[in-house]
Amino acid sequence: MASEPPPGPSERDPDAPVFDGPPLSLEEELAAARAEPEPGPSIDMVNESLADGVNRCPKCGSTDVRQRASTGQLICLFCRHEWQESRVEEEFGLGVGIDELEGTVIAGGAEEISSDDDVITMTCTGCGADVVVDTAHAMNARCHWCRHTLNVNQRTPNGAVPDAVLPFRLTHAEAVEKIREFASKRRLFAHPRFKKEFVPENVLGVYLPYLVIDARAEASYAGVGEVQTRRWTEKSGDNTTTYYAADVYRVDRSVAFTVDDLTVEGAADRANFDGSTTNNIVNTVLPFDTKNAVKWNSSYLVGFTSEKRDLDVVELEPVLEDQLLSIGRSQVEGSLSQFDRGVRWEGEKVDVGGSRWVSMYLPVWLYSYYQENTKMLHYIAVNARTGETMGSVPVSQPRLIFAALTVGTFLEGIAGWILVASA
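Be aware that the sequence shown starts at 145, since it is given in my numbering, and climbs by one per residue.
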């Protein structure tokens, strides 16, 4: 007779002692309790060429540098030379080895955020003066003595400096046109004040913090599926009821897969669905071509605003698992075609074998409008790489009611005409 397999972890008596080695002494137990957890592996993605905090033009040495939106490249405002930082995909090998990931690998810019002050002091390498930078509002400052432009390129523990940045591609004029086009398609129901008060100058370019994730996972699903065997109808008076008979089967599926460049927002306020704002609309303009992200250089932020990341990896791991479960469900969907009445999943789990987290700034053009009567702040967002546009437009309630009544009257008229014609 075959022997029974040993009980799994969930089958053991919870009160039974578990012996993993000799007992610890009191001193060893205290030392283990005080010990800090071992940090996970990390990727150093610091741009070493900017270690002194000064971004110089490689041709003339000027520090008056900014991004040229039409090309996405950096331009020296003195000699007009253009160049671009190297892509992080090739520089750090982020596109390879996903199926071999083990544990949680965190890049330097995605490490845990501390509560340090936003204000930092930098020493100008041109003249030695100390320059104060408030990283909550700017990542650049000019030395008040020699006019050198100082850039916050060193890693700071307050979440202000990411690992990479995806430069703007669409210009301000192109973004304004996209927003006009979006709003014009909704002009029938839009509030007249919204159309009248549209100000192109209020369309602002902003870099938003995201965490870009590569992951290796295995998902398992358990549920029941139904195959229809019979269908019939029964009539009772004027009512007709349709009935189904089906065979019910136990369904189990598992799938192993990898994901490349999954984007998860790094700011908590856009996860707030309290109804007072529509800023979560930003996620509807995904995806971004994150493969074209370049090494961090704060000169890309000149002329634009930015938000700081305020969510850590540990807070976003549940979000990653939810998205992986959703991806896994789509992966196994093709094997369920025989269940013509569908499958109801009753249990699911995901095992993340390895993941890699990189902090990245992604570019968005934003237009905001505050609707006074509803106290709601509306946003229209434009993906500054692809031009994808989505948003919320304030609606005129009288126009909406009038349109509903008009359509209802029209449909009633058609129905009456059909009844008369068939009589």
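Just so it is clear, CB atoms sit at the ideal spot from N, CA and C, and this is done for glycine as well.
{"Asked": "Any 3 or more C-beta pairs closer than 8 Å across the region 338-352 and the region 308-321", "Found": "yes"}
{"Asked": "Ser398 versus Lys439 - alpha carbon distance", "Found": "38 Å"}
{"Asked": "Element boundaries [beta strand (DSSP E), containing Phe326]", "Found": "Counting along the chain, Phe326 falls outside any beta strand (DSSP E), though it belongs to the alpha helix (DSSP H) covering 316-328."}
{"Asked": "Residues near Asn441 by beta carbon distance below 8 Å, same chain, minus five either side", "Found": "Asn191, Leu194, Asn199, Leu218, Glu229, Asn295, Asn297, Val309"}
{"Asked": "Asn527, DSSP secondary structure in three states", "Found": "strand"}
{"Asked": "Length of the line joining the Cα atoms of Gln372 and Leu430", "Found": "39 Å"}
{"Asked": "Neighbourhood of Val243 by C-beta, 8 Å cutoff - its chain only, sequence neighbours within 5 removed", "Found": "Contrary to the premise, residue 243 reads as Asp rather than Val in this sequence. Only Arg360, Thr402 meet the Cβ criterion."}
{"Asked": "Meets three-Cβ-pair contact criterion under 8 Å: the region 234-253 and the region 497-512", "Found": "yes"}
{"Asked": "Beta-carbon contacts of Glu246 that lie in its chain and below 6 Å, excluding the five residues immediately before and after", "Found": "Gly498"}
{"Asked": "First through last residue of the beta strand (DSSP E) which encompasses Gly498", "Found": "487-515"}
{"Asked": "Cβ shell of Glu182 (< 7 Å), same chain only, five flanking positions each side left out", "Found": "Residue placement at Glu182 is poorly supported in this model, since its pLDDT is 44, which falls under 50; the coordinates still yield a value, given next. Hits under 7 Å: none found."}
{"Asked": "Under 8 Å between C-beta atoms of Thr533 and Phe326", "Found": "yes"}
{"Asked": "Inter-stretch contact at 8 Å, needing at least 3 Cβ pairs: the region 475-485 / the region 351-371", "Found": "yes"}
{"Asked": "8 Å Cβ cutoff met for Tyr514 and Ile524", "Found": "no"}
{"Asked": "Three-state class that DSSP yields for Arg375 in the structure shown", "Found": "strand"}
{"Asked": "Separation of Pro507 from Arg453, as counted between CA atoms", "Found": "14 Å"}
{"Asked": "Where the beta strand (DSSP E) through Leu468 begins and ends", "Found": "First-last for Leu468: 457-476, but that is the alpha helix (DSSP H), not the beta strand (DSSP E)."}
{"Asked": "Spatial distance of Ser481 from Leu468 (CA atoms)", "Found": "22 Å"}
{"Asked": "Pick from Val240, Gly205, Glu235, Phe236 that is closest to Arg224, judged by C-alpha positions", "Found": "Gly205"}
{"Asked": "Beta-carbon spacing of Ala528, Leu352 below 8 Å", "Found": "no"}
{"Asked": "Residues near Ser443 in its chain [Cβ-Cβ closer than 7 Å; skip 5 each side]", "Found": "Asn199, Val209, Arg210, Gln211, Leu218, Asn295"}
{"Asked": "Buried versus exposed call for Ala437 [16 or more other C-beta atoms within 10 Å across all chains shown]", "Found": "buried"}
{"Asked": "Within the region 206-272, ranges of the beta strand (DSSP E) (whole runs, at least 3 residues)", "Found": "209-212, 217-220, 247-251, 263-267"}
{"Asked": "N-terminal and C-terminal residue of the beta strand (DSSP E) that Ser398 is part of", "Found": "383-409"}
{"Asked": "Rounded straight-line distance, which links the Cα of Asp382 to that of Asp404", "Found": "56 Å"}
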